[in-house]
Amino acid sequence: YAVCYVVAEKETACTLKIGSDDQCKVFLNGKPVVKHEEARPTEKDQNEAAVTLKAGSNVLLFKVVQEGGEWSGCARFVDKDDKPVKG
Numbered sequence: 016y017a018v019c020y021v022v023a024e025k026e027t028a029c030t031l032k033i034g035s036d037d038q039c040k041v042f043l044n045g046k047p048v049v050k051h052e053e054a055r056p057t058e059k060d061q062n063e064a065a066v067t068l069k070a071g072s073n074v075l076l077f078k079v080v081q082e083g084g085e086w087s088g089c090a091r092f093v094d095k096d097d098k099p100v101k102g
């Protein structure tokens, strides 16, 4: 598991893009937003979900289910133009 606290200046609709090695489940503020159920190597932007960051602190929880070897996960929030979310 990995956890990250994302602080947003205001409520922001955006896209969460993730990659994982291997299976994963990703939760934002306690709600499941991404689930992948097959083994794979990590690449950025393998899955995505439309999400809304609330104003203030948001909790991103990333669970990786490991099949063997190394494990990893990556995540980013982007706007409608696929640019990093600001603020």
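Residue numbering for the sequence shown follows this note's numbering, starting at 16 and increasing by one per position.
Even glycine gets a Cβ: it sits at the ideal position worked out from N, Cα and C.
Beta-carbon proximity list for residue i, same chain, < 7 Å, skipping 5 on both sides
i	result
residue 56	36
residue 94	29 and 100
Under 8 Å between C-beta atoms of residue i and residue j
i	j	result
residue 44	residue 22	no
residue 70	residue 25	yes
residue 100	residue 92	yes
residue 31	residue 58	no
Three-way DSSP call (helix, strand, coil) for residue i in this model
i	result
residue 63	strand
Sheet register partners of residue i (DSSP bridge)
i	result
residue 36	87
Neighbourhood of residue i by C-beta distance below 6 Å, restricted to the same chain and skipping five residues each side
i	result
residue 61	34
residue 18	76
Endpoints, beta strand (DSSP E) assigned at residue i
i	result
residue 73	71-80
Beta-carbon contacts of residue i that lie in its chain and below 8 Å, excluding the five residues immediately before and after
i	result
residue 49	31, 33, 39, 40, 41, 62, 63 and 64
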